[in-house]
Structures are given as C-alpha cells and as structure tokens.
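Engineer:
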Amino acid sequence: MSDNQGDGGAAGSAPPPPPPPPLPEDPRSKVSPFVKKLRSAPPGHFFQPERLPSHQDLFSAPTGPYFFYGTLSNSAMLRDVLGLETEPQLRPATIIGFECKLWGQYPALLDAPGKVVHGTVYHVETKEHGERLASYETDNYRADPCRINYPDGNEPVDGFGHVFKFVGNVRDLSDGTFDLGTWLRRVKRYPRTWLTASLTSNESWATISSTFTRFTNHLSSLAIHFVPASRQTQILAMPVKRMLIVPHQQAAGTDHWCIYLSTSPISSVCVDCTPSYTVPSSVLQGGSKANIIISELPHETSPDAQTAFVLDVAPGLSVGQAIGEVTQNGRHKYEFDANGVGCRWWITDMINLFYQLQVVGNASQVAEAKAGLLKLWPDQTPHPLDQGAYYH
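The opening residue of the sequence shown carries number 1 in the UniProt record's numbering; numbering runs sequentially from there.
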C-alpha cells in the first residue's frame, strides 16, 4: 500500500512550466550604433561651425573688427573720429555679398549676392569708439554683422566683424563709384578740427592746425559772430545730425527764419542771418548788411518755433563744413532791405546751395522746405518771397 502511495505522490508533483518569453524591447529605449559612435568620437572629430560673437547689451555699440569702405578707410580720418593719439593700423580686406551705391557724394552699402566690396579693417577696442563711429555715420547707417576676408596672406584669413550698411531711403541713392582720393582732395581745404580732413604724406597736422587758426581769425573779420565767442572752436567741430529749417513767432507781419544744425536730440547750433541795421547796404537802397549769428543752444530748435522742416545731411558733416560752404560761396555777404526783411530769400538760397553741393540730398525734403518758406506761420497763408541781395 505504501508502494501505491509513493507512485501516486510522484505522479502528482509535475515539473514547473518554462519561464515566459521576454517582453519586446521598447525601440525608444534602444541606443543606435550611430549614436554610440557619436558619443565615442574624440573632440573635434566632426565639423563645428564658427559662431558669431554674442553681446550682453544688444543696444550697445559692438566692438571688434570693423570693415570700412568709405571715408573711414583713411587712417587720418579714422584717427580724428575716434580721437586716437596715433594713426591706426588698417588691414586690407574684402566682404562678399554687398555692393556700393552713392548717397550724395558718399558710398552706401547694400546687399548684393555674389558681389565683392574692397576696403580696410580696424579693430575697435571700446564701446565708446563704437558709439563714435555710429555717431559719425548718422542714423542712415547701421552696424551689421558680416564675414570679412583678408587677402594679405596673414592670419587670420577670415573672420566675423561689423560693417555700416545703408538703412536710409534707397530712392535717394544713385549709381556711381566712391573715390576716396577725389573726396580727400575736395575736403582738404577744410581744417582738421572741424572736418577731419586727411593729409598727404608731405604735410603735417601742424599745417592743418595753422590753417584752422587762420580760418577762425578770418571768420572774425567777416560779419560772422559766435555765441558764446569763447566756444567758437568747439562749435565748428560739432557733428551735424540733421538740418532744420524753422520759422519763428510772427513780428511785423512776417516770420523770421533760421537754420538749425542739430547736433543731438537736445542740442543744436543756430545759424541766424539777421540785419545789422548799422552797416549800410551797398546794393539795396536804404537797407543794411547782414550779420551771421552762430549760436550754440541746449535744445534742437527754438521754443517759439512755429514748425520745422527736416533736411537729412550727408554723413560726416560738421558745423565747420556747413559754415565753410557759406563763406566759400560768398553767402555771408548779404543785405536786407530798408524794413529789415530778407531772411526767407537767404534761407531759400542756402537750401539751393546745400542741395547743389550735396550737403543735403533728399529732393522731396528740399521741395517741402522751400514751399513752406512761401507761407506765413502758423497761419499757413500764402506769403510771397521777400527779396535780398548779395554784395561783393
């Protein structure tokens, strides 16, 4: 009996079932052989593109290499704009994907795929210098990133930098080529202090300083007066951001007009052609010769300005250059009539002169300002142009 029970016990204890097959693997948890290869690759094995330098303050002037293609590609000019003690070392360079047109007498850089622009590069060390460059170029230009190529065979052969691109009205541009030598010859008659003219190899800055002294003395001998007189040198050196043609509050049935050379949003230099009443005229009977009053002001226009007509100016214009054009072309030798009237005639002629010389270049702005001179402000009623005269 015991044998039967033993057999029954053996029959009742069957072997355990085999383990279940493994669950299918999640493909998302699997690392591909290619990824493993990437992880095991040594540093620098794969191509790593060069990165543009980042800036903490997106609104501050950038530093680093700047590509110049116009007036600043002259080292003497750049030295004066930045206030450097010695002339900077410039490196020949090119940029691809751009072309130059003319904005008045100055070059204007635009995008142009495949085209090449030649120029020079200077490494800007401080934000202050970057801001000076931006101020010189005016709001019609903006410093944008670019890739620079250096063909001189030295290292580095290329790299990133900045270039001032034209961001003004492209309708004001014309086809043509900027010639630095021609431009330098044209401006060389102006002293360094107020136009930062370049020198030839056989000249010295002492010569230019002497010329500037003679020029300021010459202005003193003319009917040109500075307010304050002690600031004459500083006034002439100021950069002009834009020009404003402004009528003032009515007196004796007419407005008195002035030219304001804006030097910042909160400062300007007023050019006021006004009758002397003491120096008799030689052309107009009973009138008087004019005085040109040049005043430094802590505001962009007069508080009693009735309106203002804006004229965009050429890059790099200074107060001294504008006044230089007045005297070079005899526009300071002006006479008012017996009633002391004639400022609008002079202002209109000055606008024509500045437009002819490309000191101002926007034809629509010029037309609007000249049309405004034919109205009485703020009434805006028709007001025929008065009549003045030039003497010799």
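Beta carbons are placed, not taken as given, at the ideal position from N, Cα and C, and that holds for glycine.
1) Just list the beta strand (DSSP E) runs in the segment 85-163, keeping only unbroken ones of 3 residues or longer that don't cross its boundaries, in chain order.
2) Let's test the definition: count the other Cβ atoms within 10 Å of the Cβ of residue 219 and tell me whether it reaches 16, buried, or not, exposed.
3) Please report the residue range of the alpha helix (DSSP H) in which residue 333 lies.
4) At a threshold of 6 Å, does residue 18 count as lining the ligand NAP (C-beta to nearest heavy atom)?
5) By how many angstroms is the C-alpha of residue 318 removed from the C-alpha of residue 91?
6) Measure the C-alpha to C-alpha separation of residue 122 and residue 316 and round it to an integer number of angstroms.
7) Just to confirm, is the Cβ distance from residue 370 to residue 383 under 7 Å?
8) Tell whether a beta-carbon distance below 7 Å holds between residue 357 and residue 308.
9) Given that a residue counts as buried once 16 or more other Cβ atoms are within 10 Å of its Cβ, and exposed if not, what is residue 1?
10) Would you please state the rounded distance, in angstroms, between the beta carbons of residue 325 and residue 289? I believe it to be under 8 Å.
11) How should residue 240 be labelled, buried or exposed, when 16 other C-beta atoms within 10 angstroms of its C-beta is the threshold for buried?
12) Looking at the structure shown, is residue 74 part of a helix, part of a strand, or coil, going by DSSP?
13) In whole angstroms, what separates the C-alpha of residue 152 from that of residue 75?
14) What is the C-beta distance between residue 247 and residue 377, in whole angstroms, given that I count them as a contact (C-beta under 8 Å)?
15) Check this for me: beta carbons of residue 274 and residue 291, under 7 Å apart or not?
16) If you check the beta carbons only, do residue 271 and residue 294 fall under 7 Å apart?
17) Taking just the CA atoms, how far does residue 323 sit from residue 298?
18) My understanding is that residue 167 touches residue 141, with C-beta atoms under 8 Å, so please give their C-beta distance in whole angstroms.
Structural biologist: Straight from the coordinates:
1) 91-103, 106-124 and 141-149
2) The residue you call residue 219 lines up with position 219 of the sequence shown. With a pLDDT of only 49 at residue 219, under the threshold of 50, the placement of this residue in the model should not be trusted, and no figure is reported.
3) As a working mapping, residue 333 is identified with position 333 in the sequence shown. That residue, residue 333, is in no alpha helix (DSSP H); it is neither H nor E in DSSP.
4) The ligand NAP is not among the ligands present in this structure, which contains no ligands whatsoever.
5) Counted from its first residue, the sequence shown places residue 91 at position 91. Counted from its first residue, the sequence shown places residue 318 at position 318. If I take the Cα positions, the gap works out to 27 Å.
6) Mapped onto the sequence shown, residue 122 falls at position 122. Mapped onto the sequence shown, residue 316 falls at position 316. The straight-line gap from Cα to Cα measures roughly 18 Å.
7) Along the sequence shown, one-based indexing puts residue 370 at 370. Along the sequence shown, one-based indexing puts residue 383 at 383. Not a contact, by the Cβ cut-off of 7 Å.
8) Counting from 1 along the sequence shown, the entry for residue 357 is found at position 357. Counting from 1 along the sequence shown, the entry for residue 308 is found at position 308. Cβ atoms of residue 357 and residue 308: not closer than 7 Å.
9) Reading the sequence shown from its first residue, position 1 is the one you call residue 1. With a pLDDT of 47 at residue 1, under the threshold of 50, the modelled position of this residue cannot be trusted, and the question is left open.
10) Counting from 1 along the sequence shown, the entry for residue 325 is found at position 325. Counting from 1 along the sequence shown, the entry for residue 289 is found at position 289. That pair is no contact at about 20 Å.
11) As a first step, residue 240 must be located in the sequence shown, where it is residue number 240. When all chains shown are included, residue 240 counts as buried.
12) Counting from one through the sequence shown, the residue named residue 74 turns up at place 74. Of the three classes helix, strand and coil, the one that applies to residue 74 here is coil, per DSSP.
13) The sequence position of residue 152 within the sequence shown is 152, counting from 1. The sequence position of residue 75 within the sequence shown is 75, counting from 1. Approximately 18 Å between the Cα atoms of the pair.
14) By one-based count along the sequence shown, residue 247 stands at place 247. By one-based count along the sequence shown, residue 377 stands at place 377. Yes, they are in contact, since the Cβ atoms of residue 247 and residue 377 sit about 4 Å apart, within 8 Å.
15) For the purposes of this step, residue 274 is taken as the residue at position 274 of the sequence shown. For the purposes of this step, residue 291 is taken as the residue at position 291 of the sequence shown. Yes, Cβ-Cβ distance for residue 274 and residue 291 is below 7 Å.
16) By 1-based counting over the sequence shown, the position of residue 271 is 271. By 1-based counting over the sequence shown, the position of residue 294 is 294. The answer is yes: Cβ separation under 7 Å.
17) What you label residue 298 is simply residue 298 of the sequence shown in a count that begins at 1. What you label residue 323 is simply residue 323 of the sequence shown in a count that begins at 1. Cα to Cα, residue 298 sits roughly 20 Å from residue 323.
18) Indexing the sequence shown from 1 puts residue 167 at position 167. Indexing the sequence shown from 1 puts residue 141 at position 141. About 6 Å; that satisfies the 8 Å criterion.
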